Each structure stands twice: as C-alpha cells, then as structure tokens.
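Residue numbers (full-length UniProt numbering): 1 to 95.
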C-alpha cells in the first residue's frame, strides 16, 4: 500500500514499475506518465533531485483531466497532491 513518505525517504526500488513519461509545460511539473493497466500516475517535479513519484489508483478520467488542464500545477495541487504515493530515487531505478 502506498503511503506518504518523509521528504528524504525513498521507497524500495524493487517496488518500482517503469512508466514512460513525457515532459510537460509547467512551472511545477517536469514530466508525467500513466499506466492504465495499474492506474498508476507517474510524476517528476521541476524542483528537487529528479525523484519519481507514483500515485496508484488514479482513474483514467482523472489522468485525462490532469493532462488536459490549463494549469497542471493547479490541478495537481487541488486533486492529486493529497493522494498516497511512492517516491523513487532516479539512480535506484535507472535501467
């Protein structure tokens, strides 16, 4: 089960699932991806060390609304930020 991790903590790389991501135009968000089979949203942010955040159980329509939003950062803050997540360090999950 995904939980909110302390800022410096990373989840076990063994739990990582590769989700292709696309860079987006946003002041807050760098790239997003979505795996419809597992309903997992992947996000990296402009600030930070490139950590990859996975938000499980995100409905396809919520993802569609997110990527179609006028402001990705505002949509994320209003609808996704409070969801449970897993945080992965990019070096731990590099192929």
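All C-beta atoms, glycine included, are put in the ideal place defined by N, C-alpha and C. None of the values given here were measured: they were computed from a predicted structure.
Determine the extent of the beta strand (DSSP E) in which residue i is found, giving its start and end residues.
i	result
residue 19	Careful: residue 19 lies outside any beta strand (DSSP E) and carries neither H nor E.
residue 86	86-88
Starting from the Cα of residue i, find the closest Cα among the options and give me that residue.
i	options	result
residue 28	89, 84 and 43	43
residue 78	65, 57 and 87	65
residue 51	12, 16, 9 and 87	87
residue 47	73, 91 and 11	73
residue 57	67, 69 and 37	37
residue 100	82, 49 and 33	Outside the shown range of the chain, which is 1 to 95, sits residue 100, and nothing can be said about it.
residue 22	49, 89, 67 and 90	67
On the three-state DSSP scale, how would you describe residue i?
i	result
residue 45	strand
residue 79	helix
residue 58	coil
residue 35	strand
Rounded to the nearest angstrom, how far is the Cβ of residue i from that of residue j, given a contact under 8 Å?
i	j	result
residue 54	residue 40	5 Å
residue 10	residue 92	7 Å
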